[in-house]
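Per the numbering used here, the sequence shown starts with residue 1369, numbered consecutively. C-beta atoms are modelled at their ideal positions from N, C-alpha and C, and glycine is treated no differently. None of these values were measured; they are calculated from a predicted model.
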Amino acid sequence: MKIIDGTNAVLGRLASYVAKEALKGEEFVILNCDKVVVTGNKKNIQGKFQERRSRGGSSQKGPFHIKTSERVVKRTIRGMLPDHRAGRGRVAFKKIKCFNGVPKEFEEAKKIISGKPNPNKFIFVKEMIQ
1369 MKIIDGTNAV LGRLASYVAK EALKGEEFVI LNCDKVVVTG NKKNIQGKFQ
1419 ERRSRGGSSQ KGPFHIKTSE RVVKRTIRGM LPDHRAGRGR VAFKKIKCFN
1469 GVPKEFEEAK KIISGKPNPN KFIFVKEMIQ
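What follows is the structure, given as structure tokens:
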């Protein structure tokens, strides 16, 4: 099992790495999902996300849009897996766990630090959802 600290990690790069390795059979725990970074213009990113969230069908049929940062990260990883409903994509998706913050069982564990200093234009996943 690999434990990744998502602080200052770029969302797309983190997601593609985790998806590839999960398909090979590795299990992953991603911590601090609220501190993962999305690069680009802050207004454009927030605007597109809010627009996608405001679209909607009836209250019971969906589409349902996620409202927590750990689910945004997990959903991004899901988009990089082949058919997440069946076959090896489903098996790989079950091997991925995402958390905001650090749970007690992972405080002492050795973590992979994936983030670098922030680029010029970025927004945290936590800010994007608000």
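Original post:
Taking the alpha helix (DSSP H) that Val1459 falls in, what are its first and last residues?
Top reply: 1455 to 1462
**OP:** Determine the closest residue to Ala1387 out of Gly1469, Ile1464, Gln1414, with distance taken between C-alpha atoms.
**Re:** Ile1464
Original post:
Taking the Cβ atom as the reference point for each residue, do Thr1407 and Pro1487 lie within a distance shorter than 7 Å?
Top reply: yes
Subject >> Whole-angstrom distance between Val1493 and Gly1374, CA atom to CA atom >> reply: 11 Å
Original post:
Taking the C-alpha atoms as reference points, what is the distance between Met1448 and Phe1396?
Top reply: 15 Å
**OP:** Compare the Cα-Cα distances from Phe1417 to each of Gln1428, Leu1391, Thr1444, Lys1392 and report the closest residue.
**Re:** Thr1444
Original post:
What are the boundary residues of the beta strand (DSSP E) that Val1405 is part of?
Top reply: 1405 to 1407
Subject >> Buried/exposed call for Ala1454, threshold 16 Cβ in 10 Å >> reply: exposed
Subject >> Environment of Asn1400 [buried if 16+ CB atoms lie within 10 Å] >> reply: buried
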